[in-house]
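What follows is a set of notes on a single structure, which appears directly below.
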Amino acid sequence: MAPEDRHDPDLLSELLAHEEDLARGRSAAQTVQALERDLLRPEVRADAGRVGQLLHESFAEIGTSGTWCSRAEVLDRLSREPGLGPVDVHVLSATELGPAAVHLVYRLVAGDRPSLRSSLWVREDSRAELGPWQLRFHQGTDES
């Protein structure tokens, strides 16, 4: 193979390959659930590149404190905070809103803090092809 025929995969190519592996035999809702669980893993949360791949460029979240955070603020916070530790996730619903959107609702218990979580995952249309699943919006609410 000539050197000009070789190329190193970029981050998007790696993400697409990872998603294809996840998606084999899985529905969109199952794939998104797996990606959401990835975002809760300490080694993923500590990897700014991987988190950056998973968060949509227009990502925003409302944290359990009620604070609105941008993508940049979340990436900065995750780089500075320790992992969640062991977590328990119970999916309450995973609704496919169409071929390019899934709404996920789940109960998360991290330590002794239960919370209810809502995430909107989307796939953008790029050159008539759907791109990788990315988290567009997330909200966490402490459970009373």
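Quick note: the sequence shown uses this note's numbering, first residue 25, plus one each step. Glycine included, every Cβ here is placed at the ideal spot set by N, Cα and C.
With respect to the beta strand (DSSP E) encompassing residue 95, which residues constitute its N-terminal and C-terminal limits? In the sequence shown, counting from the first residue as 1, residue 95 sits at position 71. Counting along the chain, no beta strand (DSSP E) covers residue 95; the unbroken alpha helix (DSSP H) around it starts and ends at 95-104.
Which partner residues does residue 120 have in the DSSP bridge list? The residue given as residue 120 occupies position 96 in the sequence shown. DSSP lists 126 as partners of residue 120.
For residue 67, which three-state DSSP category applies? Within the sequence shown, numbered from 1, the residue matching residue 67 stands at position 43. DSSP places residue 67 in helix when its eight states are reduced to three.
Once DSSP output is grouped into helix, strand and coil, what is the label at residue 60? Here the question's residue 60 lines up with position 36 in the sequence shown. If DSSP states are grouped into helix, strand and coil, residue 60 belongs with the helices.
Contact check, residue 72 vs residue 94 under 8 Å by CB: the rounded distance? Counting from 1 along the sequence shown, the entry for residue 72 is found at position 48. Counting from 1 along the sequence shown, the entry for residue 94 is found at position 70. Residue 72 to residue 94, Cβ: 15 Å. No contact.
C-alpha distance - residue 131 paired with residue 139, whole-angstrom precision: Along the sequence shown, one-based indexing puts residue 131 at 107. Along the sequence shown, one-based indexing puts residue 139 at 115. Rounded to the nearest angstrom, the two C-alpha atoms are 6 Å apart.
Looking at C-alpha atoms only, which residue of 143, 108, 107 is the closest neighbour of residue 157? Working through the sequence shown from its first residue, we reach residue 157 at position 133. The candidate whose alpha carbon is nearest that of residue 157 is 143.
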